[in-house]
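Below is one structure, written out as structure tokens, with a few remarks after it.
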Amino acid sequence: DAKTTQPNSMESNEEEPVHLPCNHSTISGTDYIHWYRQLPSQGPEYVIHGLTSNVNNRMASLAIAEDRKSSTLILHRATLRDAAVYYCILRESGKSSGDKLTFGTGTRLAVRP
Amino acid sequence: NAGVMQNPRHLVRRRGQEARLRCSPMKGHSHVYWYRQLPEEGLKFMVYLQKENIIDESGMPKERFSAEFPKEGPSILRIQQVVRGDSAAYFCASSPRWDSGSNTQYFGPGTRLTVL
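Chains as they are written, first to last, in the working numbering: chain A, 5 to 117; chain B, 442 to 557.
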């Protein structure tokens, strides 16, 4: 399975943008890049996913490097509610092995008021 | 639309008892996944089920654990003869279809099992 590498922790100030990096140098051509987050004492929550092109939704933006070996989750204006562990996950398309989510250690984001 | 529902939210069992965890997927979802999060550890996949079928149980402990997703009713994760090491948060997720690369899994709030 392709692996991802994320910083253990990051800090941000409230209402400032946050860029959460993820390295996935062994990504294959059929791997989708997914981001989930887990708020304290809650279940994981889907944030965004993409394959090759940058993606935007109401929660965040996903910037994917041209060679796809890295990606960045962008929270445009961090709020206190965004304090969570953020997971970058690769999912292989078209194979049953891609069904399960393989969570790494993620990045713990702290937001300062 | 109701999200993924899990019950109970908290479950306390004594060693040797059985634990039954229930998961009702989102309406229209026929794929269910169970994950376990041990204290201070990450989430680990346990089992993937579709209606009446176990598709992938590669993450399930070989003994005492079983899962089902019957034609009618919720998915059940059953742990027999619980031990203290089973104390964890158990999360259920559901998705509407099989398209492993791009589909989204929606998680429930979890069941926190404590074994005394």
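Virtual Cβ for every residue (Gly too), placed ideally from N, Cα, C.
{"query": "Close beta carbons around A:K7, own chain, < 6 angstroms, minus the five adjacent residues each side", "result": "none"}
{"query": "Whether B:T545 touches A:Y50 by CB criterion (8 angstroms)", "result": "yes"}
{"query": "Closer than 8 angstroms to chain A by CB, B:T555", "result": "no"}
{"query": "Residue of A:N17, A:G33, A:G108, A:V115 minimising C-alpha distance to A:K73", "result": "A:G33"}
{"query": "Closer than 8 angstroms to chain A by CB, B:Q491", "result": "no"}
{"query": "Three-pair Cβ contact test at 8 angstroms for the region 35-48 of chain A versus the region 453-471 of chain B", "result": "no"}
{"query": "CB-CB length for B:V556 against B:S528, believed under 8 angstroms", "result": "5 angstroms"}
{"query": "Min CB distance B:P550 to chain A below 8 angstroms", "result": "yes"}
{"query": "Beta-bridge pairing of B:L557 - partner residues as DSSP gives them", "result": "Per DSSP, none; premise fails for B:L557."}
{"query": "Backbone CA spacing between A:V115 and B:E513 [nearest angstrom]", "result": "44 angstroms"}
{"query": "Cβ shell of B:R525 (< 7 angstroms), same chain only, five flanking positions each side left out", "result": "R456, V556"}
{"query": "Contact list for the region 516-547 of chain B against chain A, Cβ threshold 9 angstroms", "result": "A530, F532, C533, A534, S536, W539, D540, S541, G542, S543, N544, T545, Q546, Y547"}
{"query": "Partner residues on chain A for B:F506, Cβ-Cβ distance less than 8 angstroms", "result": "What B:F506 touches in chain A: nothing, since even the nearest Cβ is about 16 angstroms away."}
{"query": "Sequence-distant residues of the same chain with beta carbon closer than 6 angstroms to A:P25, five excluded per side", "result": "T76"}
{"query": "Chain B contact residues for A:T109, given Cβ-Cβ distances below 7 angstroms", "result": "G483"}
{"query": "Helix, strand or coil at B:L479 [DSSP, three-state]", "result": "coil"}
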